[in-house]
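Under my numbering, the residues of the sequence shown are numbered 113 to 274, in order.
Okay, structure first, notes after.
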Amino acid sequence: MRISLIAAMAENRVIGIQNRLPWNIPEDLKRFRQITSGHPVIMGRKTFDSIGKPLPNRINLVISGNKSLKIEGVLVFPSLLGAIEYCRAQLTQVDEVFVIGGALVYAEAISLVDRMYLTIIHSQIEGDTLFPEWNRAEFREVSREDRTQPLAHSYLVYERVS
113 MRISLIAAMA ENRVIGIQNR LPWNIPEDLK RFRQITSGHP VIMGRKTFDS IGKPLPNRIN
173 LVISGNKSLK IEGVLVFPSL LGAIEYCRAQ LTQVDEVFVI GGALVYAEAI SLVDRMYLTI
233 IHSQIEGDTL FPEWNRAEFR EVSREDRTQP LAHSYLVYER VS
């Protein structure tokens with residue numbers, strides 16, 4: 113099973129402000145849906161709260177330190193590794209699982225992922241949440257699509273170098 117990460121960020125690594133996206137790029141949201149649909153998605157509780165409900169056509173796994181947290185339509189785990197192990201053991205028909213945020217979950221996942229789907233917005237954007245630093249030497253770019261509207265941005269796919 114491939115462990116992947118999907119994120120959108122500005123050039124200054126901003127991924128959020130006040131628990132929301134600091135831009136509106138409908139094409140990027142459509143791309144997110146197309147890529148993750150039919151696959152399990154793992155997210156932190158704050159990311160889930162910002163979405164407000166389970167994402168349709170996906171198994172939703174939420175990481176929370178609150179052991180009594182129960183959310184209808186969502187599987188809750190105390191750790192990222194616990195969620196990944198559940199996917200490996202119980203979802204054997206699944207070929208790819210996606211880590212979808214937020215910053216703390218990305219920071220833990222970056223050393224575990226095989227592939228990253230990144231949207232880079234070519235601007236310096238104000239925000240309070242950053243994508244973690246990552247070692248580009250550990251990954252190779254396998255795909256790139258550049259866009260100019262509504263904001264200049266690029267869709268990049270990186271795979272871990274063996």
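Backbone N, C-alpha and C define an ideal beta-carbon position, used for all residues, glycine too.
Are three or more beta carbon pairs between the region 137 to 157 and the region 205 to 222 nearer than 8 Å? Contact holds: three or more Cβ-Cβ distances are below 8 Å.
Taking Cβ to Cβ, would you say Ser176 is nearer than 8 Å to Arg132? One-based indexing of the sequence shown puts residue 176 at position 64. One-based indexing of the sequence shown puts residue 132 at position 20. Going by C-beta atoms, Ser176 is not nearer than 8 Å to Arg132.
For Asp258, I'd like the list of residues in its chain whose CB is within less than 7 Å of its CB, leaving aside the five on either flank, ordered along the chain. Taking the sequence shown and counting its residues from 1, one reaches residue 258 at position 146. Apart from the 5 residues on each side of it in sequence, Asp258 sits with its Cβ closer than 7 Å to the Cβ of Ser266 in its chain, given in chain order.
Report the option in Leu181, Ala264, Ser116 whose CA atom is closest to the CA atom of Ile137. Taking the first residue of the sequence shown as position 1, residue 137 is located at position 25. Minimum Cα distance to Ile137 is reached at Ala264.
Cα separation between Ala281 and Ile118? Lying outside 113 to 274, the shown extent of the chain, residue 281 is not represented and no answer is given.
CB-CB under 8 Å to Glu238, same chain, minus the five flanking residues each way: which ones, in chain order? Translated into the one-based positions of the sequence shown, residue 238 becomes position 126. Within the same chain, Cβ atoms closer than 8 Å to the Cβ of Glu238 are found at Val126, Ile129, Pro134, the five residues on either side in sequence being excluded.
Strand pairing of Phe251, partner residues [DSSP]: Locating residue 251 in the sequence shown gives position 139, counting from the first residue. According to DSSP, which records beta bridges pairwise, Phe251 is partnered with Arg272.
Take Leu167 as the anchor and find which of Asn178, Leu181, Gly185 has the nearest alpha-carbon. Locating residue 167 in the sequence shown gives position 55, where the first residue counts as 1. Per the Cα distances, Gly185.
List the endpoints of the continuous beta strand (DSSP E) containing Val188. As a first step, residue 188 must be located in the sequence shown, where it is residue number 76. Here the beta strand (DSSP E) through Val188 covers 186 to 189.
Going by the DSSP bridge assignment, what does Arg114 pair with across the sheet? Walking along the sequence shown from the start, residue 114 turns up at place 2. DSSP lists Glu208 as partners of Arg114.
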